[in-house]
Amino acid sequence: MRGAPILCAVCYCDDCQEGSRQIEQLPSAPPIRDPAGGTAYLLYRKDRVNVSTGAELLRDHRIKAASQTRRVVAGCCNSAMFLDFQKGHWFSVYRAQCAGDVPASQMRIQTKFKPPGTDSPGDVPSYAGFPLKFMAKLVAARMAMLFHR
3 MRGAPILCAV
13 CYCDDCQEGS
23 RQIEQLPSAP
33 PIRDPAGGTA
43 YLLYRKDRVN
53 VSTGAELLRD
63 HRIKAASQTR
73 RVVAGCCNSA
83 MFLDFQKGHW
93 FSVYRAQCAG
103 DVPASQMRIQ
113 TKFKPPGTDS
123 PGDVPSYAGF
133 PLKFMAKLVA
143 ARMAMLFHR
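Structure (structure tokens):
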């Protein structure tokens, strides 16, 4: 991954919860969800992510066969690596796989899907859906890609 991420978010949508749950059930897979069911991601432009080694070990995981979203797992250890919404211009890298000075989450999104009775920390803003700030950052990243910045 090169440069700073577009943003860092924790998602609670039904698909992220289900996809993460399925991956965590794979043999020896490490946990990726927080106690409230959210999955933390660092969103990077696709032109800023490169698999330098081990590409042959990566396996696609889809909740449904026709899904436009593929979750990529390291076949050797079943670690969740990144999520690719194939119509999008970004990869959502699982924060749990990042080491070193990892940026903190900036927001919690799709919280309307959190399981009943679960609480999330009040450390960052929480949004029931996709906030304007989230969408604006994605649009700005797309524009920067178009102008090769």
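For our numbering, count along the sequence shown from 1 and bump the result up by 2. Glycine residues also receive a C-beta, built at the ideal position from the N, C-alpha and C atoms.
Per the Cβ contact rule, the stretch 11–20 is not in contact with the stretch 52–62 (fewer than 3 Cβ pairs under 8 Å). The beta carbon of lysine 139 lies closer than 6 Å to those of Ile8 and Leu9 in the same chain, with the five residues before and after it left out. Around the CB of serine 30, fewer than 16 other CB atoms lie within 10 Å, so the residue is classed as exposed. In the structure shown, cysteine 13 adopts extended strand secondary structure according to DSSP, grouped into three states. When the Cα atoms are used, arginine 73 and arginine 4 turn out to be separated by approximately 20 Å.
For arginine 64, the CB contacts under 6 Å within the same chain, skipping 5 residues up- and downstream, are Arg72 in chain order.
Look at the beta carbons and you see the stretch 30–41 touching the stretch 111–122: at least three pairs across the two are nearer than 8 Å. Ranked by how close their Cα comes to the Cα of leucine 28, the residues Asn80, Ala67 and Lys48 have Asn80 in first place. One Cα belongs to proline 105, the other to lysine 66, and the distance between them is close to 31 Å. In this structure, Gln108 is the residue among Asp125, Val141 and Gln108 with its C-alpha nearest to the C-alpha of alanine 11.
Counting only the Cα atoms, threonine 120 lies some 43 Å from phenylalanine 149. In this structure, the beta-carbon distance from phenylalanine 93 to isoleucine 111 does not fall below 8 Å.
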